[in-house]
Every structure is written in C-alpha cells, then in structure tokens.
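Trainee:
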Amino acid sequence: MQQAVRVGILGCGVVGAAIAYELSQVPGLAITVLDRRSPDQWEATGAALGVLMAALSQKKGGSLSRRLASLQRYETLVPELEARTGYKIPYNRQGILYLCFDQAELMRWQATASLRASQGFLLKIIDLAELRTHYPALSHARALDTAQPLVGAVHSTADRQIDPVRLTTALVKAAQDQGVIFNFQTAVQGFRQTTAAPRQVKSIQTQQTELAVDWLVLASGLGSTLLSTELQQPVDVRPVLGQALHLQLPQPLAAPDWPVISGLDVHLVPVSSREFWVGATVEFPDHYPDGVIQPDAQRLAALRQQAIAFCPALADATVTRTWSGLRPRPENRPAPIVERLDNYSNVLLATGHYRNGVLLAPITAEKIRQMISTHL
Ligand SMILES: Cc1cc2nc3c(=O)[nH]c(=O)nc-3n(C[C@H](O)[C@H](O)[C@H](O)COP(=O)(O)OP(=O)(O)OC[C@H]3O[C@@H](n4cnc5c(N)ncnc54)[C@H](O)[C@@H]3O)c2cc1C
C-alpha cells in the first residue's frame, strides 16, 4: 500500500482552516494542523467583519480574478459546509450597497459596472429617489469629514458577507470529519531540515512531539515572520490594527433584505434587524514609535460617528461591544503571499492576507491544493 503524503499546516485562522478542508478532499494525504492558540481564542479572523467585497472593487488583473473566483466559491462552499456539519453559517446574500458622496466617483462606478456586466456581475447604479424609497433610513446620509450629501449608490448584488468565526469553526469540523487532525495550544519550537539545496523540512518540533512532514504550509498570519525566520528565509508580515464595534438599537431598523452598507471605508454589517457591526479602522504601526499598536479611541469614535452620519437612527444605538485585531500585511509587496518559500522544495506560504483574508481563503486553499497535487 502506498504511504500517505504527510502535510503539516501551521495556523488555524480562516486561511489555515480553509486549506485543511480543501486538502481533506485530496485522497492520499495525512493532514495535521497545529495552532498555538486554543480553539476559542482568535487572532485576525476573530476580529474580521467577513465582508466579501469582490465585484465592488476597482482592482484589475490577477487580483480581481482571485477575488471574483473566491467569491464564487463561497456560493457552493457555504451550503456544502452546512450540509456536512449541520452548523448554520450566517451568510448575507443581499449584496453590498456602496454609498457615493462624489459625482465623479459615481461616474467611475458606472464605467466599472459595464465591465463587471461583461464578466457576469451586476453593479446596479441607484439614484437618490430609488435609494430613499428602498432605504429611507439612509436618506440623509452624509460624509462626516466633508459634510457632502449622498449623490447615489452602487448595489453589488453578487458580493456577500459571512460570519468569519462560524465559517472557520465549520471548516475545522468538516475537515476533522474527513480525518484531519487538529492540535490546538501547540507552539512550534523548531524544524528539522536538510541542508543541501533546495532544502526540505523533515519535521516540526513542538514541546509535546515531533511531527514528520512531506509538506509544510505556513498559514500563520503574523506568526509567519518568526516561523520563516526560523527557516532562515524571513518573510516580512507586519500588523495593521483594525477596530470595530457592535451597535444595538432599541427597535428594528434593518429589514431582513438589507445588504451590507459601505462607503468611505466604513462598513455597516446588519447582524439582525436591531444590530450592526461597524468597522473597521486602519491603524499602521509607524504611528506608534514604540512598535506596540494601541487602539486609538478617537478613531473608534470617528468610526461610530461616520456610521451615524450614514444612518442617523444609529445615534440611539448602544455600543454593546468593541474589539480590535491585527491584520497581517506583507511589507513592500502586495497581499497575499501564496507561493513556495524560496530555497525550500516543500514549504508553502499562505499568509499576509491583510484586509481580505476571509474573502481570499477559498481561492488560497485551492491554490495550495494545486501546488501539492501536481507532485502526487
Ligand atoms: C477589524 C478587522 C476587520 C476585518 N474585516 C475583514 C473583512 O471584512 N473581510 C475580509 O476578507 N477580511 C477582513 N479582515 C482581515 C482578515 O481578518 C485577515 O486577513 C484574515 O483573518 C487572515 O487570516 P489568517 O488565517 O491568515 O490569520 P489569523 O486569523 O491571524 O490566523 C493565524 C493563526 O496562526 C496561528 N499561529 C501564528 N503563529 C503560530 C505558530 N508559531 N505556531 C502555531 N500557530 C501559529 C495563530 O494562533 C492564528 O490562529 C479584517 C481584519 C480586521 C482586524
């Protein structure tokens, strides 16, 4: 009998979990996922809003194709995971409504809409009258900084939003059911590797055990820098902080068919008729001389004020929770990094997803599967 090909995945955020699930469907692999956290603690994935913004993007080329392909994979992935696990994964299929406060910007979206139509994605330009009829709560929306009133909106019907933690939990369960082993609270202490070029990692050393591998996948978000440094091939991934808040209204506001409301880099994510997630700030480490990023209370307050400027009824909402997380952003190169680690024949990087790790998790997993499958 042929021996199974052993794959070690380091990191079980949304990216590592998506890879584990995808690989669990490839016959002949024995997969183990290691994570230093416990199953109920989260890093970037636990802070994410899960907005899947692909069609509503001005990106071009490979970056756009990856976003659109990943978005499309969600349409089958969500029902597939729900059927396999019995878990309900909150998934908003109402699209994203992008608010415009600048006529020139709205014109640019008109041009993008024609292009997306040719690619099979609808970006519907909505004028003020229609907007007021469908979304009266947004009638008086304005930009906080410039006080510009709303000039129109773009409704991207194909874009989505998903609960990132519920998604990741379902991916883990589905992968587990397919035989993947998950070891949480397991810190990596080092690697055993060959020295001749190209190098190969032979095993992962932890406090408890040594795990022999044929392939190593680094899906460790911000932890990837240390792990790749351990392999003498540092990959520079740095934190960019994001803050968000949960608002609860005394009475219902959002109809069940409300999409995510976006504009000026602020998302209002309806999580029930009375509740919204609002996010997220973008805070760079170089604003902080000691290298430790402290959430900036003023930025969080400005976020809330912009949400109220979009939808004045939110002024009555209570802030029931605030949180922050660190996005893994590659330094001096585009996000994400999904490739073989230089000088190693069996180490794959799936990291640095920065602001779109939830969106890009399925396409990342598919690429890792292709990279491994071609060698089987
Ligand atoms: C406020 C906020 C809002 C966001 N909103 C969105 C959004 O709307 N849409 C979107 O697509 N993205 C969003 N993002 C970005 C998204 O959260 C990230 O891109 C994504 O979660 C990255 O996933 P990951 O699995 O690579 O990283 P993580 O979730 O950080 O997971 C990495 C895992 O690796 C483990 N690890 C690290 N080092 C080691 C080690 N040495 N040994 C073992 N395990 C290790 C960690 O414990 C962790 O569990 C948002 C981020 C923030 C902060």
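If you use the numbering used here, the sequence shown closes out at 376, no skipped numbers anywhere.
Every residue, glycine too, gets a C-beta built ideally from N, C-alpha and C.
Would you say ARG199 touches ligand 1, meaning its beta carbon is less than 7 Å from a heavy atom?
Mentor: Distances taken from the Cβ of ARG199 to the heavy atoms of ligand 1 include none shorter than 7 Å.
Trainee: Assuming THR206 and LEU34 form a contact by the criterion Cβ under 8 Å, report the distance between their Cβ atoms to the nearest whole angstrom.
Mentor: 7 Å
Trainee: Verify whether the separation of the beta carbon atoms of GLY28 and VAL7 is less than 8 Å.
Mentor: Not a contact, by the Cβ cut-off of 8 Å.
Trainee: Does DSSP put ARG36 in a helix, in a strand, or in coil?
Mentor: DSSP, reduced to helix, strand and coil, places ARG36 outside both helices and strands of the structure shown, so it counts as coil.
Trainee: Taking the beta strand (DSSP E) that PHE182 belongs to, which residues open and close that run?
Mentor: 181-183
Trainee: Using 7 Å as the cut-off, classify the Cβ of GLN34 as near or not near the heavy atoms of ligand 1, replying yes or no.
Mentor: Note on identity: in this sequence residue 34 is Leu, with Gln being the wrong assignment. Answer for LEU34: yes, Cβ within range of ligand 1.
Trainee: Would you check if the segment 222-242 and the segment 348-357 touch, i.e. whether three or more CB-CB distances between them fall below 8 Å?
Mentor: These segments touch.
Trainee: Considering only residues of the same chain and omitting the five flanking positions on each side of ALA158, which have a CB-CB separation below 7 Å?
Mentor: ALA55, LEU71, GLY95, PHE121, LEU122
Trainee: Please tell me whether ALA307 and VAL266 are closer than 8 Å, where the distance is taken between their beta carbons.
Mentor: yes
Trainee: How about LEU231 and LEU341: are their beta carbons less than 8 Å apart?
Mentor: yes
Trainee: Roughly how many angstroms lie between the CA atoms of VAL188 and VAL358, to the nearest whole one?
Mentor: CA-to-CA, the gap between VAL188 and VAL358 works out to about 24 Å.
Trainee: Is GLU366 near ligand 1, with its Cβ less than 7 Å from a heavy atom?
Mentor: no
Trainee: At a threshold of 7 Å, does ASN183 count as lining ligand 1 (C-beta to nearest heavy atom)?
Mentor: no
Trainee: Along the alpha helix (DSSP H) that carries THR435, what are the first and last residues, could you check?
Mentor: This structure cannot settle anything about residue 435, because the visible part of the chain is limited to 1 through 376.
Trainee: Which one of ALA141, GLN243, VAL347 has the shortest CA to CA distance from LEU216?
Mentor: VAL347
Trainee: Just to check, is the beta-carbon of LEU68 closer than 7 Å to a non-hydrogen atom of ligand 1?
Mentor: no
Trainee: Contact defined as beta carbons within less than 8 Å: I believe ARG160 pairs with TYR21. What is the distance between those atoms, to the nearest angstrom?
Mentor: Not really, about 18 Å apart at Cβ, beyond 8 Å.
Trainee: Look at the alpha carbon of GLY13 and the alpha carbon of ALA244, and state the distance between them as a whole number of angstroms.
Mentor: Distance from the CA of GLY13 to the CA of ALA244, rounded to the nearest whole angstrom, comes to 19 Å.
Trainee: Starting from LYS367, follow its DSSP beta bridges and name the residues at the other end.
Mentor: LYS367 pairs with nothing; no bridge assigned.
Trainee: State the beta-bridge partners of ALA379 as determined by DSSP.
Mentor: The question about residue 379 has no answer here: the residues shown for the chain are numbered 1 through 376.
Trainee: Just reading off the beta strand (DSSP E) that PHE310 is part of, what are its end residues?
Mentor: Looking at the DSSP string, PHE310 is not in any beta strand (DSSP E); the run it does join, the alpha helix (DSSP H), is 297-310.
Trainee: Anyone know if the C-beta pair for GLU275 and GLN251 falls short of 8 Å?
Mentor: It is not a contact, given that the beta carbons lie outside the stated cut-off.
Trainee: Tell me whether GLU43, by its Cβ, gets closer than 7 Å to a heavy atom of ligand 1.
Mentor: yes
Trainee: Compare the Cα-Cα distances from VAL338 to each of TRP323, TYR344, LYS367 and report the closest residue.
Mentor: Put simply, of TRP323, TYR344, LYS367 the residue whose alpha carbon is nearest the alpha carbon of VAL338 is LYS367.
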